[in-house]
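What follows is a set of notes on a single structure, which appears directly below.
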Amino acid sequence: MMTRVCLFRGVVRTWRVFALLGMGLITMFRPQDAAGQSVTQTFNLRAGWNSIWLEVAPADPRPAVLFAGRPIESVWTFRGRPSAADFIQNVNEPVWNRERWLVFVPTNKVEALNNDLYGVQVNRAYLINATAPFTLSVAGRPSLRIPGWEPDNFNLRGFPVDPARPPTFQNFFRNSSAHFDASLQRLERFFRLNASGVWSQVSGAEVIQPGEAYWAFSRGASDFIAPIVPDLLVGDGLDFGQATERISLEIRNGSTSPATAEVRDLSSAKLLSTAYFSPSNGVEWAVLTNTRRQSIAGSGRIRWDFGIRRAAMTGSNHATTVELTDGAGTRI
């Protein structure tokens, strides 16, 4: 979980952003500046078709800017939510419901006359046809505004997984009945794009890669994001406003098994504090300098209270990044 918290002397304000974090073969994030106001997601793309899941909102979302000078043939995304009727087995097929897609072709090609993809959005899947391998780095504002699932349909999307401990599909989805049949111990239909440009069905034992978009089937309605998730009452992050001294955040365990929530402040300034209960002194506040861990019972919740150390501020504003993991493959 990434939270950008902007602090002003005398006024405390939050950018209300929780972001998905991922690192690994396909994608990684790093703080863009000392204030942590931006992160960079990096994709190592191969020649041919790639299916990516963008987890930051680009500072300049125009495709002509993002893909300037890159060896790409075209970039595709859906006009709206994809449905089962939009599922394509082979992206090289000449017809695959293209009227449902938005496309960007480099402006030096005659096909660019048909461009209708004008902005690249956060938490959205993109199919990129590259003419050669290259690295794509996108800097921008992260967000926890995850699109909902289309019931009884395929959905093209990625998932918030920990690159240090990437989970298998079965372990990640095993407590979601819309995506895993517990009675049969069987994953619903999930497909990934292989190097040949063909969508191949994955097994439950395969590993989820951060930043990769998959065709994922939802049997009925689903609100699944990850095995543990932060519950936000308003917006997509924490907002301290002008006078709030503390904000509570609930972490929900969607699994029936116990889980461990881990949170750490990735900023060097360490301006966040968190409340602990001491048997001798009651509630105590401590600077969030190291990783904080707490167990969550199966199907249970915990609450963490966060505060801002205004007196420790040295500049006119500050932003920080907070990471939430569970040690079992989730990184939000």
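Using my numbering, the first residue of the sequence shown is number 4, and each one after it goes up by one. By construction, the Cβ of each residue, glycine as well, lies at the ideal position given by its N, Cα and C atoms.
Same chain, Cβ closer than 7 Å to residue i, five either side skipped, listed in chain order
i: V108; result: S77, E114, A115, N118
i: F280; result: V286
i: G303; result: N256
i: A289; result: S276, T277, Y279
i: S258; result: N178, P230, G301
i: P34; result: With a pLDDT of 41 at P34, under the threshold of 50, the modelled position of this residue cannot be trusted; read the value that follows with caution. The answer, listed in chain order, is V42, L269, T324.
i: K273; result: V290, L291, T292
i: R144; result: V20, S41, V59, A60
i: G310; result: E248, R249, S276, W288
i: A71; result: none
Identity of the residue in the options nearest residue i by Cα
i: D226; options: N158, T171, S260; result: N158
i: F194; options: S180, L187, E209; result: E209
i: R148; options: I254, R168, A60, N53; result: A60
i: T247; options: K273, I254, E253, D308; result: D308
i: L291; options: T324, D329, T259; result: T324
i: D329; options: A314, S186, P169; result: P169
i: N174; options: Q188, P166, A167; result: Q188
i: N156; options: W52, F70, I91; result: I91
i: S221; options: R160, T171, T333, D165; result: R160
i: Y121; options: F81, P145, G151, N95; result: F81
i: E153; options: V123, R65, P64, G83; result: G83
i: N93; options: R249, W52, I335, S251; result: W52
i: L337; options: Q212, L327, A219; result: Residue 337 lies beyond the residue range present for the chain, which begins at 4 and ends at 335; the question has no answer from this structure.
i: R127; options: Y217, R312, R306; result: Y217
Enclosing alpha helix (DSSP H) for residue i [first to last residue]
i: F280; result: Where F280 is concerned, there is no enclosing alpha helix (DSSP H), although the beta strand (DSSP E) it sits in stretches over 275-281.
i: Q173; result: 172-176
i: P136; result: Counting along the chain, P136 falls outside any alpha helix (DSSP H), and DSSP gives it neither H nor E.
i: A67; result: 66-69
8 Å Cβ shell around residue i - same chain, five flanking residues per side excluded
i: R101; result: none
i: L48; result: I55, I131, A133, P136, F137, T138, L139
i: A300; result: N256, P261
i: N197; result: S203
Nonlocal neighbours in the same chain, by C-beta distance under 6 Å from residue i, ignoring five residues either side
i: T317; result: none
i: W79; result: W104, V106, L130
i: R177; result: F183
i: V232; result: R255
i: L235; result: none
i: A181; result: S221, R222, G223, S225
Endpoints, beta strand (DSSP E) assigned at residue i
i: T204; result: Note that residue 204 corresponds to Gln in the displayed sequence, not to Thr. Q204 -> beta strand (DSSP E) spans 202-204.
i: R192; result: No beta strand (DSSP E) holds R192; DSSP gives it neither H nor E.
i: N53; result: 51-57
i: T80; result: 75-81
i: D234; result: 231-234
i: T328; result: 325-328
i: N256; result: 249-256
i: A289; result: 285-290
i: W104; result: 104-107
i: L159; result: 156-160
i: F220; result: 217-221
i: A262; result: 262-268
i: G301; result: G301 -> no beta strand (DSSP E), and no H or E assigned at all.
i: L48; result: 42-48
Any non-hydrogen atom of the ligand HEM closer than 7 Å to residue i Cβ
i: N111; result: The ligand HEM is not among the ligands present in this structure, which contains no ligands whatsoever.
Closer than 8 Å to chain B by CB, residue i
i: T43; result: Among the chains of the structure shown, chain B does not appear; only one protein chain is present.
* Please determine if the region 138-151 and the region 198-206 are in contact, where contact requires at least 3 C-beta pairs separated by less than 8 Å. => no
* Flag this pair as touching only if the region 264-274 and the region 295-304 have three or more C-beta atom pairs under 8 Å; answer yes or no. => Judged by Cβ distances under 8 Å, the region 264-274 makes contact with the region 295-304, as three or more pairs qualify.
* To do: Decide if the region 215-226 is in contact with the region 275-285; the criterion is three or more beta carbon pairs, one per stretch, under 8 Å apart.
  => The way I'd put it, the region 215-226 doesn't touch the region 275-285; fewer than three beta-carbon pairs between them come closer than 8 Å.
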